[in-house]
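Below: one structure, written as structure tokens.
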Amino acid sequence: MPFIPHTEEDVSAMLGAIGAASIEDLFDEIPPALKTGKLKDVPDGLPEMAVARLMQERASRDGFWSSFIGAGVYEHHIPAAIWQITTRGEFYSAYTPYQAEASQGTLQLIYEYQTMMTRLTGLDVSNASLYDGASALAEAVLMAVRSHKTSRRVLIPKTVHPIYRRVVDTTVRNQGIELVELDYDPATGKTLLPNDPGSFAGLAIPQPNFFGVLEDVHALTDWAHDKGALAIALVNPTTLAVLEAPGQWGTKGADIAVGEGQPLGAPMASGGPYFGFMCCRQGFVRQMPGRIVGRTVDLDGKPGFSLTLQAREQHIRRSKATSNICTNQGLVVTAATQYMALLGPQGLAKVASASHANTVALAGRLAAIPGVTRAFASPFFHEVVLKLNDSAKDVLRALRAQGILGGLDISGRYPELGQAILVCATETKTAADLDHYVQQMERILSKRREAPPCAYKS
Amino acid sequence: MLIFDHSRRGRTAAAQLPAAGGSLDDLPANLRRKDAPALPEVSELDVVRHYTRLSQKNFSIDTQFYPLGSCTMKYNPRACNSLAMLPQFLARHPASPDETGQGFLASMYELQEMLKDVTGMSGVSMAPMAGAHGEFAGVAMIRAYHDARGDTARREIIVPDAAHGTNPATATMCGYTVREIPTDATGSVDLAALKAAVGPHTAGLMLTNPSTLGVFEKTIADIQKIVHDAGGLLYYDGANLNAILGKVRPGDMGFDVIHMNLHKTFSTPHGGGGPGAGPVGVAERLLPFMPIPLVLNENGFYRLATEADLPQSIGRLSANMGNAGVLMRAYIYARLLGGEGMQRVAEYATLNANYLMVKLREAGFELAYPERRASHEFIVTLKKLKDATGVTAMDFAKRLLDYGYHAPTTYFPLLVPECLLIEPTETESRETLDGFIEAMKTIKHEAETTAELVKGAPYSLPVRRLDDVKAARELDLAYKPAALAP
């Protein structure tokens, strides 16, 4: 029996001790009419060898692609050591560190993680992580509303990832919170501030924004503070190696910083698991959701670590908790902590600058092709919006036939941009990768111009 | 020693750095950082050794018996990890076209269908990333359902007092008020109190079955009728699904919406506190409200459903498709087990729990509900031991650590004083259970003869008991060496 060690002798001895005739008797408190028969849609079990064969076949079918998609999830090199250590049983199969004495490994690691995140963001405190970047933004919105005395409105620019905005809406909709969208300047791709915003509790400030464009974060932060609201930074951790830390934005610094932790050592893996990070200024720590680890001492005065400020949490406060969250994304944080330690300040800066340089080079060469133009004339980090004078969907499909995932079609989410794709090239892309992409784009566009509609390999 | 203590200016794990950086001169100077973030500057060996050593300070299923009640700490098969981490699966970007992920999506679709079958629900969405996230999705669907019918006076969720804290916290997040109802003397929902609580204001009841008291709600048929007759919906908290997997299905008990904890029942790792996965299952009337994305099968082509497919969906809960890699591990586990294997899970989890319960009772431990059959877990109360010796459930738990056993859940559920909630799971052998029983007997004897010894435990771990009051009063949440302190 897979993963059940009992011999026949064990079973009869144990039933004897219990005083039951059969295992079925142990379910005698369940009304007989409710008992399930054979499962219809669950196939018979397979030995590991057969399941391995099946999964290898499926993995091969999905294959490898030369991907230039970013949009919140980035292909970065992941050092081999990270997941070998992360999947050690002592990390992999441990529970949430409630029994602190038996969980010092996990607890110290989270304390180190929290320290690294405060240094990246320039803020005072960090929690132990949230589910992902989008849910972290939703929690930051709730936190801003809790912290504001009167307003339940939060401003979210359209330059925030469209799906993040959907997740925030799903999360806060039933709590009487109003989300107000802010437009962007069609020339620069930067957020436009409204003249009369009314009272609001917080402003989300993406840096870089969904278009890859750098926002004027100092002005936005000061504007939010000037209106009595919190400034919520939505940031990419890789870029923080070289871009100004949210704690230094404007005159007083942002109040909360959140974002997607995936770039720090988590594989893209069709969507997860990743983790969301959240940092804030000391004054807001009791409004923060999620686990927090603190350093303290034991009975002998020796330093040690434990979960702290648990009076905020659901298992103590129940209906009055700051959030219903219990777990964080511990195992992915285990990987991210090692990633930050292995890369260090120099390495992370090099990853950031190499990704930037690759994207700048690619954008320049693609925009030189007839029919391709940059959507916005302003500095971008490691993503860029390109407009096509052809169907984005068809062009991406033709690129795919050459093994290239050429970017994300954002025409549907931003119809005002026309046919537009969001393109990203990280440090993993070589000169040959960029050449291949540019050559194919050139070939496909010119062929489609000459002989529309073009035939492509399916 | 912290990783920061290993740091030396200028040291790098050079093999991990890209060969070349790039110019940032085109970016405005005022948006660039003046000082590099003070991350550790260490070698690759420093990192490998430091974190390997830290791992050794943890208890884990792979190293210890972990009878943590309501957490289902069973063996996490290694194949689930290695096959979910095949390089093609890891390399796939979540926004890649569906055509490039048919192997992945087929696995997700099949898991969805298996979860429907084993829970008896009409639809499953695997978007939620943890149990509490699934609860949120479930209660949000209850609200969307009532609202879509114009039934907007229903603003109250009923929760038994034995429920996990996430239940009332979730109801609040969905804009509901919470009404608690008591448990009767046998550990069941108090039916009279339930009848008195329901009405035109009732949106639904959240129920864990078997409950957190380790017993099956025998009157589930009555509970179901009371709630439905009042116009409310019935929510199944899947925390204890391991106890009944394949034996009884929540759908057959009349539940309208459920969440599952795949990190419990489907053996994905707990990872030191996540990532989990909390898929939701729904009865027919809630199908239109399921969170997206979910996986559709169109004549053998698998694709992710969007807003266009489910216009009444409560929406999205994550930027992508939930904790996809966790779902992959659950799928692989399900294929290894198969239908019969799933049904055996509940059988042997229940056998182990009842054996342990009977043996501990024989050893003089007091059971919270001695007249009841254990489900996959049961409660021992140390109230009398505490009154006689001063040794608390917490002391007892800490002493177990010295004997190499992770402690059971303590002080939950809140209504049983000095309780230990014990869940052995199906993957533990009789010898392991017997060893645990001996340790429990030994500690009981220690408590009765040398109470101070137990009160001072643990002695053999990396640290002794920690000062939690100091931790909360003198907050030290990030390392600030003297040189960096303001």
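Going line by line, the protein sequences match chains A and B. Under this note's numbering, the first residue of the first sequence carries the number 3, and numbering increases by one thereafter. Under this note's numbering, the first residue of the second sequence carries the number 236, and numbering increases by one thereafter. All residues carry an ideal CB built from backbone N, CA and C; glycine is no exception.
### Query
Hey, is the stretch 558-575 of chain B in contact with the stretch 528-544 of chain B, meaning 3+ C-beta pairs nearer than 8 Å?
no
### Query
Between the beta-carbon of residue 162 of chain A and the beta-carbon of residue 212 of chain A, is there less than 8 Å?
yes
#### Entry: Three-state secondary structure (DSSP) of residue 719 of chain B
The predicted position of residue 719 of chain B is uncertain, since its pLDDT is 49 and thus under 50; a value taken from the coordinates is nonetheless stated next. The answer is coil: DSSP assigns residue 719 of chain B none of H, G, I, E or B.
### Message
Check whether the stretch 135-145 of chain A and the stretch 370-390 of chain A are in contact - that is, three or more C-beta pairs closer than 8 Å.
### Response
no
### Task
Look at the Cβ atom of residue 256 of chain B, then the Cβ atom of residue 203 of chain A, and state whether they are nearer than 8 Å.
no
### Task
Would you mind listing the alpha helix (DSSP H) stretches within the stretch 360-418 of chain B that are 4+ residues and don't spill past its ends, in chain order?
366-383, 401-408
### Span of the beta strand (DSSP E), counted from its first residue to its last, around residue 60 of chain A
Unbroken run through residue 60 of chain A is the alpha helix (DSSP H), 50-64; no beta strand (DSSP E).
### Task
Residues of the stretch 82-106 of chain A with a CB closer than 8 Å to any CB of chain B: list them in chain order, please.
83, 85, 87, 89, 90, 91, 92, 93, 94, 95, 96, 97, 98, 99, 101, 102, 103, 104, 105, 106
#### Entry: Nearest-angstrom Cα separation, counted from residue 340 of chain B out to residue 319 of chain B
13 Å
### Query
In chain A, what lies closer than 9 Å to residue 349 of chain B by C-beta?
41, 43, 44, 45
### Members of the stretch 303-314 of chain A that neighbour chain B once the beta carbon cut-off is set at 7 Å
304, 306, 308, 310, 311
### Query
Based on the DSSP secondary-structure assignment, which residues constitute the bridge partners of residue 640 of chain B?
B:300
### Query
When you compare only the Cα positions, how much space is there between residue 241 of chain B and residue 430 of chain A?
29 Å
### Task
Report, in whole angstroms, the separation of the C-beta atoms of residue 609 of chain B and residue 589 of chain B, which I expect to be a contact under 8 Å.
5 Å
### Task
Figure out for me which residue from B:380, B:407, B:379, B:413 has the closest Cα to the Cα of residue 395 of chain B.
B:413
#### Entry: Length of the line joining the Cα atoms of residue 301 of chain B and residue 387 of chain A
51 Å
### Task
Please work out which residues of its chain come closer than 6 Å, Cβ to Cβ, to residue 497 of chain B, disregarding the five sequence neighbours upstream and downstream, and give them in chain order.
503, 512, 565
### Query
Where does residue 553 of chain B sit, in a helix, a strand or coil, going by DSSP?
coil
### Query
Between the C-alpha atoms of residue 406 of chain B and residue 371 of chain B, what's the straight-line distance to the nearest angstrom?
8 Å
### Query
Do the stretch 430-445 of chain A and the stretch 400-416 of chain A meet, that is, are 3 or more Cβ pairs less than 8 Å apart?
yes
### Query
By a C-beta neighbour count over all protein chains shown, 10 Å radius and 16 as the cutoff for buried, is residue 606 of chain B buried or exposed?
exposed
### Message
I need the straight-line Cα distance from residue 383 of chain B to residue 165 of chain A, nearest angstrom please.
### Response
23 Å
### Test item: CB-CB of residue 712 of chain B and residue 296 of chain A under 8 Å
yes
### Message
According to DSSP, residue 532 of chain B sits in a beta bridge with which residue or residues?
### Response
B:537
### Message
Taking the alpha-carbon of residue 537 of chain B as reference, which of B:486, B:260, B:334 has the nearest alpha-carbon?
### Response
B:334
### Message
Just to confirm, is the Cβ distance from residue 404 of chain B to residue 433 of chain B under 8 Å?
### Response
no
### Message
Rounded to the nearest angstrom, what separates residue 559 of chain B and residue 275 of chain A at their Cα positions?
### Response
6 Å
### Message
If you reduce the DSSP assignment to three classes, tell me which class residue 34 of chain A lands in.
### Response
helix
#### Entry: Neighbour flag for residue 452 of chain A against chain B, beta carbons, 8 Å
no
### Message
If you reduce the DSSP assignment to three classes, tell me which class residue 293 of chain B lands in.
### Response
strand
### Message
With H, G and I counted as helix, E and B as strand and the rest as coil, what does DSSP make of residue 568 of chain B?
### Response
helix
### Neighbour flag for residue 325 of chain B against chain A, beta carbons, 8 Å
yes
### When A:335, A:408, A:432, A:284 are compared against residue 709 of chain B, the one with the closest alpha-carbon
A:284
### Task
Establish whether the CB of residue 296 of chain B and some CB of chain A are separated by less than 8 Å.
yes
### Query
From B:640, B:626, B:454, pick the residue whose C-alpha is nearest to that of residue 419 of chain B; which is it?
B:454
### Task
Check the Cβ of residue 172 of chain A against every Cβ in chain B and list those closer than 8 Å, keeping chain order.
375, 526, 549, 550, 551, 552
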